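Participant: Quick one: the structure is below, and I'll ask about it shortly.
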Amino acid sequence: MTTEATPRAVVTRYIEAVAAGDLPTIIDSFAEDATWTYPGTDLPLSGTWRGRDAIINDFLGKATASLFAPGTTPTITLTNVLADGPTVIAEWRAQAEAATGLPYDNHCLGLFTVRAGRITEVREYTDTRHAAQALFGL
Numbered sequence: 047m048t049t050e051a052t053p054r055a056v057v058t059r060y061i062e063a064v065a066a067g068d069l070p071t072i073i074d075s076f077a078e079d080a081t082w083t084y085p086g087t088d089l090p091l092s093g094t095w096r097g098r099d100a101i102i103n104d105f106l107g108k109a110t111a112s113l114f115a116p117g118t119t120p121t122i123t124l125t126n127v128l129a130d131g132p133t134v135i136a137e138w139r140a141q142a143e144a145a146t147g148l149p150y151d152n153h154c155l156g157l158f159t160v161r162a163g164r165i166t167e168v169r170e171y172t173d174t175r176h177a178a179q180a181l182f183g184l
C-alpha cells in the first residue's frame, strides 16, 4: 500500500477486502501496532485487541471461524464513509447465519485512524445486544 493513499481510500479498500475475503489486503491494511476496540464488557469479543496479528488472528479470524455457521462468512456491505484528515468514519452492515442458527444482521460503525497509509486504530460501535443474542446465545 502506498503512503499516498488517502485515509478514506485505505479504509474503503480494507472493508471491500473483508467483503471479498481478501486476506493479504486485510493484513496489509493495518499497522503492526494497530488497535481495535470492540464495544461492551461482557462479550468474548469485547475489549481492545492490540497489534495486527491479534486483530487478524484472534479477533477477526476467531469471529469468522467460530461465530458463523460452518462454511459461511458474513456478507459485508459498506453503506457510508466520511473522512476528515486521518480520521475516517465507516458504516457497514454485516449479515450471516450465526453458528447458533440465528440470523445475524447488524449495522456497525467504525471510527478509524489512518497514518502513513495503514490503519492504526479502530473503535467499533454496534448493537452488542443483538451480537450477544445471535452470536453467543446470551
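Going by the working numbering, the letters in the sequence shown line up with residues 47 to 184, in that order. Heads up, the beta-carbon is just placed ideally off N, CA and C, and yes, glycines get one too. Since the model is a prediction, treat every value here as computed from it, not as a measurement.
For Pro53, count the other beta carbons within 10 Å of its own beta carbon; 16 or more makes it buried, fewer makes it exposed. Which is it?
Facilitator: So Pro53 ends up on the buried side.
Participant: Grouping DSSP H, G and I as helix and E and B as strand, with all else coil, what is Ala77?
Facilitator: Three-state result, Ala77: strand.
Participant: Taking the alpha-carbon of Pro120 as reference, which of Leu106, Ser92 and Ile165 has the nearest alpha-carbon?
Facilitator: When only C-alpha atoms are compared, the closest one is Leu106.
Participant: Provide the residue span of the alpha helix (DSSP H) that contains Gly93, from first to last.
Facilitator: Looking at the DSSP string, Gly93 is not in any alpha helix (DSSP H); the run it does join, the beta strand (DSSP E), is Gly93 to Arg96.
Participant: For Thr49, count neighbouring Cβ atoms within 10 angstroms of its own Cβ and tell me buried if that reaches 16, exposed if not.
Facilitator: Because the pLDDT of Thr49 is 46, which lies under 50, any placement of that residue in the model is unreliable, and the number read from its coordinates should be weighed accordingly. The residue in question, Thr49, is exposed, as its Cβ has fewer than 16 Cβ neighbours within 10 Å.
Participant: Please give me, in chain order, every unbroken run of the alpha helix (DSSP H) with length at least 4 that falls completely inside the region 102-146.
Facilitator: Qualifying alpha helix (DSSP H) stretches, in chain order: 107-113.
Participant: Can you check which of these residues, Ile102, Gly67, Asp74 and Ala65, is closest to Trp82 by C-alpha distance?
Facilitator: Here the closest residue by C-alpha is Ile102.
Participant: Judging by CA-CA distance, which residue of Gly86, Leu89, Ala140 and Glu78 is the nearest neighbour of Ala65?
Facilitator: Per the Cα distances, Ala140.
Participant: To which residues of the same chain is Ala51 closer than 6 Å at the C-beta, ignoring the five residues directly before and after it?
Facilitator: If we look at Ala51 and ignore the five residues flanking it on each side, its Cβ neighbours are Gly163.
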